[in-house]
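S.K.: Please read through the structure below; I'll follow up with questions.
There are 2 protein chains.
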Amino acid sequence: MASQKVPQATAERLPLYYRSLQRLVTNGKTRISSSEFGKIVQVDSTTIRKDFSYFGALGRKGYGYNTQHLMEFLRKTLYQDELSKVILIGVGHLGTALLNHNFQKNNNTRIVKAYDINPSKVGKKVGETEIHLMDDLATDDNHDITAAILTVPPDQAQSAAEQAMASGVHGFLNFSPVRLALPPEVYVRHVDMTVELQALIYFLNHAMEESRAE
Amino acid sequence: MASQKVPQATAERLPLYYRSLQRLVTNGKTRISSSEFGKIVQVDSTTIRKDFSYFGALGRKGYGYNTQHLMEFLRKTLYQDELSKVILIGVGHLGTALLNHNFQKNNNTRIVKAYDINPSKVGKKVGETEIHLMDDLATDDNHDITAAILTVPPDQAQSAAEQAMASGVHGFLNFSPVRLALPPEVYVRHVDMTVELQALIYFLNHAMEESRAE
DNA sequence: AAAAGATTGTGAATCAGATAACAAAAGCGG
DNA sequence: CCGCTTTTGTTATCTGATTCACAATCTTTT
Numbered sequence: 001m002a003s004q005k006v007p008q009a010t011a012e013r014l015p016l017y018y019r020s021l022q023r024l025v026t027n028g029k030t031r032i033s034s035s036e037f038g039k040i041v042q043v044d045s046t047t048i049r050k051d052f053s054y055f056g057a058l059g060r061k062g063y064g065y066n067t068q069h070l071m072e073f074l075r076k077t078l079y080q081d082e083l084s085k086v087i088l089i090g091v092g093h094l095g096t097a098l099l100n101h102n103f104q105k106n107n108n109t110r111i112v113k114a115y116d117i118n119p120s121k122v123g124k125k126v127g128e129t130e131i132h133l134m135d136d137l138a139t140d141d142n143h144d145i146t147a148a149i150l151t152v153p154p155d156q157a158q159s160a161a162e163q164a165m166a167s168g169v170h171g172f173l174n175f176s177p178v179r180l181a182l183p184p185e186v187y188v189r190h191v192d193m194t195v196e197l198q199a200l201i202y203f204l205n206h207a208m209e210e211s212r213a214e
Numbered sequence: 001m002a003s004q005k006v007p008q009a010t011a012e013r014l015p016l017y018y019r020s021l022q023r024l025v026t027n028g029k030t031r032i033s034s035s036e037f038g039k040i041v042q043v044d045s046t047t048i049r050k051d052f053s054y055f056g057a058l059g060r061k062g063y064g065y066n067t068q069h070l071m072e073f074l075r076k077t078l079y080q081d082e083l084s085k086v087i088l089i090g091v092g093h094l095g096t097a098l099l100n101h102n103f104q105k106n107n108n109t110r111i112v113k114a115y116d117i118n119p120s121k122v123g124k125k126v127g128e129t130e131i132h133l134m135d136d137l138a139t140d141d142n143h144d145i146t147a148a149i150l151t152v153p154p155d156q157a158q159s160a161a162e163q164a165m166a167s168g169v170h171g172f173l174n175f176s177p178v179r180l181a182l183p184p185e186v187y188v189r190h191v192d193m194t195v196e197l198q199a200l201i202y203f204l205n206h207a208m209e210e211s212r213a214e
């Protein structure tokens, strides 16, 4: 299986497709064409068809795609039919918000444990998740954990990531505004809100300049 | 000025460069080569030089870049020497976390006002920011506002964005897991944590499969 | 069951971005 | 102040992603 290599850009769109399909199925829509779907997810219809084509023929000519079927395919492909356990490191404002949110709504990812440096928080729960002491992280066994969400202050990010690695974690969703220096077998994704906001401001100002120039 | 068009990919790296430089300057580093800088921000040194070249000659051959000078250039380019006012819509868990954080640390962006649908929150403050009633959004004058941060539930995102537009906002940082349908003159950036996490899980599982295949 | 219409899947073309290669220019060490 | 070293800026090349164009094929209608 897994015929050709799936391009990175394609893989990054799959979760978006998946979530949109969940919504469509819930709303009782049974079939959809790539162009109609494209309007919803704001991706060109050709791109959508090409994305799906890496996994074989998922649609039917003259008909489109069966939403239920497509959704189930994506659920498997994204490993959403098995529970992914995740830990969260750093129970500050953002960490707390994520714990309360806990990704529980539509998907099969659960934050099973949180770590914080502050001993007074230890043992307490945020949402369903119990807080452990940061010092125990490196020596805990987290080999059954898929990924760690890093919501610590910038100066603690590198060290926290290393401790998580030591406990067996090999994937990170890094919310701290630092690039982590980690071995290549560890996979890191960045969510950097300050960068996003500054980029937004840059584009807004530049769009204005360009239209002025016209 | 603004000789050639700056590629999107370049523009999106500028905030990262800027923040790294702030740190370097603070730590007393006065000069840096593209290759040393590249290791810090984890971007290829050629890419860095090329990025800077769109803005003219910022470095000196055989020497590198003056950190202070470069930082100041980026500060201007990113409009960080003037205050950018931002509003936040949706004071839930995530919205509250962002208000408390308030982007204040190193940059010149401030959340000056928040909106929420819940009247019992109105008039209260989170951090420095006062909460207003959602119903007033469309009729308020927010033309001096650079962007709106959207942290509302998915089903309210579209309507909230439209109300913000009506009040004069033309840039959005959208944290809700929905693609907004807005006119093209409005600029939207998405921060989608569920997608990020699912993409991470996909890549982790697939990296494993590939290494198994070797 | 034939004709008309819809829509996929894909090879070819284009576009954007990243990397490589290197000449030109500046720094630096004796 | 001369030659060696460093490092930029940039052109050329490569890679990956998107878009185009259209044949193949299924659906729907009559």
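Protein sequences appear in the order of chains A and B.
The first sequence begins at 1 in the UniProt record's numbering and counts up one residue at a time.
The second sequence begins at 1 in the UniProt record's numbering and counts up one residue at a time.
We put the CB at the ideal spot given by N, CA and C, even for glycine.
The structure presented is a predicted model; accordingly, all values stated were derived computationally and were not measured.
(1) Tell me whether B:PHE172 sits in a helix, a strand or coil according to DSSP, three-state version.
(2) With 16 other CB atoms within 10 Å as the buried threshold, where does B:THR139 fall?
(3) Looking only at C-alpha atoms, which of B:VAL122, B:LEU74, B:SER120 and B:LEU150 sits nearest to B:ILE111?
(4) Let me check understanding here. Comparing Cα to Cα, which of B:ARG179, B:GLU128, B:SER167 and B:TYR54 lies closest to B:LEU98?
(5) Going along the chain, which unbroken runs of the alpha helix (DSSP H) with 4 or more residues stay wholly within the UniProt domain "CoA-binding" (79-179) of chain B?
(6) What residue range is occupied by the uninterrupted beta strand (DSSP E) comprising A:TYR187?
(7) Looking at the strands, I want to know which residues DSSP matches up with B:ILE32.
(8) In chain A, which residues lie with their C-beta within 9 Å of the C-beta of B:LEU133?
(9) Quick check: is the beta carbon of B:ILE87 nearer than 9 Å to any beta carbon in chain A?
(10) Check each residue of the region 187-212 of chain B: if its Cβ is closer than 8 Å to any Cβ of chain A, include it; give the result in chain order.
(11) Out of A:ASP135, A:GLU36, A:GLY90 and A:ALA166, state which residue places its alpha-carbon closest to the alpha-carbon of A:ILE145.
(12) Give the residues from the region 94-115 of chain A that approach chain B closer than 9 Å (Cβ to any Cβ), ordered along the chain.
(13) Under the assumption that B:PRO15 contacts B:LEU78 (Cβ atoms under 8 Å), give the Cβ distance between them as a whole number of angstroms.
(14) Give the DSSP bridge partners of A:ARG60, in chain order.
(15) Taking the alpha helix (DSSP H) that residue 220 of chain A belongs to, which residues open and close that run?
(16) So for A:PHE55, helix, strand or coil by DSSP?
(17) Quick one: is B:ALA147 near chain A, going by C-beta distance under 9 Å?
(18) Quick one: Cα of A:LYS5 to Cα of B:VAL191, how far?
(19) For chain B, check one thing: does any of its Cβ atoms lie closer than 9 Å to the Cβ of A:VAL122?
(20) Measure the alpha-carbon distance for A:GLN42 versus B:VAL43 and round it to whole angstroms.
(21) Since B:GLN158 meets chain A, which of its residues come closer than 8 Å, beta carbon to beta carbon?
(22) For A:GLU214, decide whether its Cβ has a neighbour in chain B, counting only Cβ atoms nearer than 9 Å.
(23) With DSSP collapsed to three states, give me the class of B:VAL41.
(24) Counting Cβ pairs closer than 8 Å, one from the region 150-159 of chain B and one from the region 80-94 of chain B, do we hit at least three?
(25) Can you pull the chain A neighbours of B:TYR79, defined as C-beta to C-beta under 8 Å?
(26) Are A:ASP51 and A:TYR18 close, meaning C-beta to C-beta below 9 Å?
(27) Check whether the Cβ atoms of B:GLY171 and A:LEU200 sit closer than 9 Å, and answer yes or no.
(28) Give the C-beta separation of B:ALA148 and B:LEU180 to the nearest angstrom, bearing in mind that I take them to be a contact with Cβ-Cβ under 8 Å.
(29) Please state if the CB of B:GLY64 and the CB of B:ARG31 are separated by a distance shorter than 9 Å.
(30) If you compare alpha carbons, which of B:THR10, B:ASP136, B:GLU196 and B:THR47 is closest to B:GLY168?
(31) Could you tell me if B:ASP116 is buried or exposed, where buried requires 16 or more neighbouring beta carbons within 10 angstroms of its beta carbon?
(32) At the 9 Å Cβ level, is B:PRO15 part of the contact set with chain A, yes or no?
(33) Would you decide whether A:GLU185 is buried or exposed? Buried here means 16 or more other CB atoms lie within 10 Å of its CB.
(34) To the nearest angstrom, how far is it from the Cα of A:GLU214 to the Cα of A:ALA207?
M.R.: In this structure, then:
(1) Against the second sequence, residue 172 of chain B aligns to sequence position 172. Strand at B:PHE172.
(2) Within the second sequence, residue 139 of chain B is the residue found at index 139, counting from 1. Exposed, by the Cβ-count rule.
(3) As a first step, residue 111 of chain B must be located in the second sequence, where it is residue number 111. Here the closest residue by C-alpha is B:LEU150.
(4) By one-based count along the second sequence, residue 98 of chain B stands at place 98. Nearest C-alpha to B:LEU98: B:GLU128.
(5) 93-101 and 154-166
(6) For the purposes of this step, residue 187 of chain A is taken as residue 187 along the first sequence, with counting starting at 1. Note, A:TYR187: beta strand (DSSP E), 187-190.
(7) Locating residue 32 of chain B in the second sequence gives position 32, counting from the first residue. B:ILE32 pairs with B:TYR65.
(8) In the second sequence, the residue the question calls residue 133 of chain B occupies position 133. What B:LEU133 touches in chain A: nothing, since even the nearest Cβ is about 22 Å away.
(9) By 1-based counting over the second sequence, the position of residue 87 of chain B is 87. No, no contact with chain A.
(10) TYR187, ARG189, VAL191, ASP192, MET193, THR194, VAL195, GLU196, LEU197, GLN198, ALA199, LEU200, ILE201, TYR202, PHE203, LEU204, ASN205, HIS206, ALA207 and GLU209
(11) Along the first sequence, one-based indexing puts residue 145 of chain A at 145. The residue with the shortest Cα to Cα distance from A:ILE145 is A:ALA166.
(12) LEU94, GLY95, THR96, ALA97, LEU98, LEU99, ASN100, HIS101, PHE103, LYS105, ASN106, ASN107 and THR109
(13) The residue you call residue 15 of chain B lines up with position 15 of the second sequence. The residue you call residue 78 of chain B lines up with position 78 of the second sequence. Indeed, because the Cβ distance is near 6 Å, the residues count as touching under 8 Å.
(14) Locating residue 60 of chain A in the first sequence gives position 60, counting from the first residue. Beta-bridge pairing links A:ARG60 to A:GLY64.
(15) Because chain A here runs from 1 to 214, residue 220 of chain A falls outside it and cannot be looked at.
(16) In the first sequence, counting from the first residue as 1, residue 55 of chain A sits at position 55. Coil at A:PHE55, not helix or strand.
(17) Position 147 of the second sequence, counted from the start, is the residue given in the question as residue 147 of chain B. Answer yes: the Cβ-Cβ gap between B:ALA147 and chain A drops below 9 Å somewhere.
(18) Position 5 of the first sequence holds residue 5 of chain A. Position 191 of the second sequence holds residue 191 of chain B. So the alpha carbons of these two residues sit roughly 27 Å apart.
(19) Along the first sequence, one-based indexing puts residue 122 of chain A at 122. No, A:VAL122 lies away from the interface with chain B (no Cβ there is under 9 Å from its Cβ).
(20) For the purposes of this step, residue 42 of chain A is taken as the residue at position 42 of the first sequence. For the purposes of this step, residue 43 of chain B is taken as the residue at position 43 of the second sequence. Rounded to the nearest angstrom, the two C-alpha atoms are 29 Å apart.
(21) Working through the second sequence from its first residue, we reach residue 158 of chain B at position 158. The premise fails here: B:GLN158 is roughly 12 Å from chain A at the closest Cβ pair, so nothing lies under 8 Å.
(22) Residue mapping note: residue 214 of chain A aligns to position 214 of the first sequence, counting from 1. Residue confidence for A:GLU214 is low, a pLDDT of 39 falling below 50, so the modelled location carries little weight; the figure read from the coordinates is stated next. Output row for A:GLU214: interface = no.
(23) Stepping through the second sequence from its first residue, residue 41 of chain B is reached at position 41. Looking at B:VAL41 - three-state DSSP - the assignment turns out to be helix.
(24) yes
(25) By one-based count along the second sequence, residue 79 of chain B stands at place 79. What B:TYR79 touches in chain A: ILE201, TYR202 and ASN205.
(26) Indexing the first sequence from 1 puts residue 51 of chain A at position 51. Indexing the first sequence from 1 puts residue 18 of chain A at position 18. Not in contact: A:ASP51 and A:TYR18 (Cβ atoms no closer than 9 Å).
(27) The residue given as residue 171 of chain B occupies position 171 in the second sequence. The residue given as residue 200 of chain A occupies position 200 in the first sequence. Going by C-beta atoms, B:GLY171 is nearer than 9 Å to A:LEU200.
(28) Position 148 of the second sequence, counted from the start, is the residue given in the question as residue 148 of chain B. Position 180 of the second sequence, counted from the start, is the residue given in the question as residue 180 of chain B. About 11 Å separates the two Cβ atoms, so there is no contact after all.
(29) Residue numbering aside, residue 31 of chain B sits at position 31 when the second sequence is read from its first letter. Residue numbering aside, residue 64 of chain B sits at position 64 when the second sequence is read from its first letter. Closer than 9 Å, so yes.
(30) Numbered from its first residue, the second sequence carries residue 168 of chain B at position 168. Checking every option, the nearest Cα to that of B:GLY168 belongs to B:ASP136.
(31) If you number the second sequence from 1, residue 116 of chain B lands on position 116. Its Cβ being crowded by 16 or more others within 10 Å, B:ASP116 is buried.
(32) The residue labelled residue 15 of chain B in the question sits at position 15 within the second sequence. True, the Cβ-Cβ gap to chain A drops below 9 Å.
(33) Translated into the one-based positions of the first sequence, residue 185 of chain A becomes position 185. It is exposed - the Cβ of A:GLU185 has fewer than 16 other Cβ atoms within 10 Å.
(34) By 1-based counting over the first sequence, the position of residue 214 of chain A is 214. By 1-based counting over the first sequence, the position of residue 207 of chain A is 207. Residue confidence is low: A:GLU214 scores 39 on pLDDT, short of 50, so the model does not pin down where it sits. Its coordinate-derived value is still stated next. Their backbone Cα atoms lie some 11 Å apart in a straight line.
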